[in-house]
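Here the structure comes first, spelled out in structure tokens, and everything after it is commentary.
Structure, rendered in structure tokens:
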């Protein structure tokens, strides 16, 4: 699987525990008894499951990182296996800008400083993408590819 967030500058370990908890909460995750963050609880644990992870990236080049939060599970998310949320801290509070099931691909095209984000998955067809409208990401179909 190719994950298109190759220019990540910081990782989950660089966030203080309270910040990690706030990021996961904004993305809809809860902390499990084992300390892992979970969004979708599998009835029977599978080999495809990967608990919540955070990767930071400054998407709009404002000097403040946004957070990609992911969880993988074939049971929960089907063939793409991956849920993702893009969250941003604004006025001290983390909130979700975009969430979907699939593989987020940050495109070179931008609007108002924010990149378009394609959501890939299995197959070779055209994939949907999201474009910043000045306030939020909105889905555009089909992909520009």
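Residue numbers (my numbering): 71 to 215.
Built from N, CA and C at the ideal position, the CB exists for glycine as well.
- Inclusion of residue 156 and residue 125 in the CB contact set at 8 Å is not warranted, their separation being larger than that value.
- Residue 143 is positioned such that its CB atom lies closer than 8 Å to that of residue 119.
- In this chain, the beta strand (DSSP E) harbouring residue 154 covers 152–160.
- Going by beta carbons, residue 154 and residue 132 fall outside the 8 Å limit.
- Annotation for residue 178: the continuous beta strand (DSSP E) segment containing it runs 173–181.
- Following the DSSP letters along the chain, one finds residue 112 in no alpha helix (DSSP H), marked with neither H nor E.
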